[in-house]
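Trainee: Here's a structure for you.
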Amino acid sequence: MTEQKKILRALAGETLPTPPIWMMRQAGRYLPEYRATRAQAGDFLSLCYNSELAAEVTLQPIRRYGFDAAILFADILLLPQALGVDLWFETGEGPRMSTTTTPAELAALKDKDAIHEVLNPVYETVRILSRELPLETTLIGFAGAPWTVATYMIAGRGTKDQGPAHALKAADRATFQGIIDLLTDATVEYLSKQIEAGAEVVKLFDSWAGSLKGQDFDDFALEPAKKIIAALKERHPGIPVIAFPREAGERYVGFAKATGADCVAVDNSVTAEWVAENVQIDGCVQGNLASHHMVTGGQALVDETRRIVKALSNGPHIFNLGHGITPDADPENVKLMIDTVRASA
Ligand code: CP3
C-alpha cells in the first residue's frame, strides 16, 4: 500500500498526472473545528502536548478536504522548550521565550538525549495518527531548522530581520555555533523518534533562511540540514526529507543535491517557471502558491493554481502554498484550490 501513496511516489522522483497536495498550517485557525478543539484544550501549547486533541486537529483537514498528506500538529519551538527554555505564547502576538545568548545560558540547556521527557506526547500523537489516518494519506513529521529555531532562542521572540541572531553570530561566534550544534544534534534525535513512531516523511522548516547570505548560508542553512539529513538517512534508510529554506532565492539552486534532501519546498518569491528550470531539475519540488489566494479566492486563485501545476508538470511536484495558510483564509477557497489541482490532468 505504501508504494501507492502519491506523496511518497512524488518524493521518490515520479512525475504524476496530477500533483498530490497538502497545505502548510492546514490544521489552523481558519477552520472552525480547529478553533473549537483549541478552545477545549485551553491554550496553543496545551493543544500541542495533548496527544488525543493534537491528533484530532491533524485529522480535521484530512476529513474535510482529503489532502494527500497530514502534517503532525506541533510547533518548531517545542524542541527548545524540551532543551530547557521557558516558552509561552502571548495572545495575538506570538511566541516568547527565555533567551540563550551567553556561554552560561548555553551550558545550562539540557543534553540532546534529555528532550524526550518533554516531547513524548508528540511521539504519542504520531502513533495515534499512524493508526487513524486513511491508508492513502502520508504522515509528515517536522522540526525547525537550527538557524530558524536559534533566531527565536537568541531574541526570545520572533523578529523581522533576525537582528539579534546575526548580532550574536558576529559578537560571539563560539556561543552562536554552540547553539546551532546543539540544535542540529537534538533535531536528529527528535526527528528519529518521530520516524520510529510512524512519521513517513520529515520536513525541516528554515523559515528565516533568506536572511543568511553568502558563506553564512552555507554554514548555517546548508551545513546543518546536510548533517541532519545524513544522520537520519543513516538511521532510517530511505526516509524522505523535505527541506524548506524559505526565501533562499537563487540558493534554492542545488540545495537538494548539497543537503541530500529529497524535495525542496519553495516560497512564492520565485516563479514556478524558474523553479522548473533551476530546482526541479534535481528532483521533487513543493510549493509555491501565494497564501493570500486562500483569502481572496476567485478566478485569480484558479488561474494561478493552474499556472503552477502546468509549469511544474514535467517533473515530480507536490502542490502546496509558499507559506502557511493565514487565519483569515476562507475554507471554501481551499476547496476551490484542491478541486482545481485535481481537475488539472
Ligand atoms: O503546518 C501545520 O499545520 C503543522 C503544525 C505547525 C504549526 N507551526 C502550528 C502552529 C507547524 C509546521 C509550525 C511551524 C512553525 N512554527 C514555524 C515554521 C513555519 C513558518 O510558519 O514559518 C514557525 C516559525 C513557528 C513558530 C510559531 N508558532 C509562530 C511564530 C507562531 C505564532 C504565529 C501565529 O500564526 O499565530 C506559532 C503558533 C502556531 N503554530 C499556530 C499553529 C496552528 C497558531 C496557534 C494558535 O492556534 O493560536
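The opening residue of the sequence shown carries number 1 in full-length UniProt numbering; numbering runs sequentially from there.
Think of the CB as a built atom: it goes at the ideal place given N, C-alpha and C, for glycine as much as any other residue.
(1) Is S98 near the ligand PLP - that is, is its Cβ less than 6 Å away from at least one heavy atom of it?
(2) Under three-state DSSP, which class holds M1?
(3) Mind checking which residues open and close the alpha helix (DSSP H) that includes L182?
(4) Can you list, in chain order, the residues of its chain with a C-beta nearer than 6 Å to that of residue 357? Leave out the 5 residues immediately preceding and following it.
(5) Where does E124 fall in DSSP's three states?
(6) Whether or not the segment 5-19 and the segment 49-58 are in contact is what I'm after, with contact meaning three or more pairs of Cβ atoms, one per stretch, closer than 8 Å; do they touch?
(7) DSSP state of F220, grouped into three classes?
(8) Report the three-state DSSP secondary structure of G249 (helix, strand or coil).
(9) Three Cβ pairs or more, each shorter than 8 Å: is that satisfied between the segment 199-218 and the segment 238-249?
(10) Output yes or no for whether 7 Å exceeds the beta carbon distance between G297 and G322.
(11) Let me confirm a value: T91 is counted as buried when at least 16 other C-beta atoms fall within 10 Å, else exposed. Which label applies?
(12) Whole angstroms is fine: what's the gap from G158's alpha carbon to T151's?
(13) Of the residues V309, F217, T259, V295, which one's Cα is nearest the Cα of T326?
(14) Over what stretch of residues does the alpha helix (DSSP H) that includes E332 continue unbroken?
(15) Cα separation between I71 and R251?
(16) Quick one: is K112 buried, meaning 16 or more other Cβ sit within 10 Å of its Cβ, or exposed?
(17) On the criterion of 16 or more Cβ atoms from any shown chain inside 10 Å, does M1 qualify as buried, or is it exposed?
Mentor: Walking through what the data contain:
(1) With respect to small molecules bound, the structure shown includes the ligand CP3 and not the ligand PLP.
(2) Per-residue confidence for M1 stands at a pLDDT of 46, beneath the threshold of 50, marking its modelled position as unreliable; the derived number appears in the next sentence. Residue state, collapsed to three classes: coil.
(3) 173-197
(4) Since the displayed the chain opens at 1 and closes at 345, residue 357 lies outside it and no answer follows.
(5) helix
(6) no
(7) helix
(8) helix
(9) yes
(10) no
(11) exposed
(12) 7 Å
(13) V295
(14) 331-342
(15) 26 Å
(16) buried
(17) Because the pLDDT at M1 is just 46, under 50, the model does not fix this residue reliably, and the point stays unresolved.
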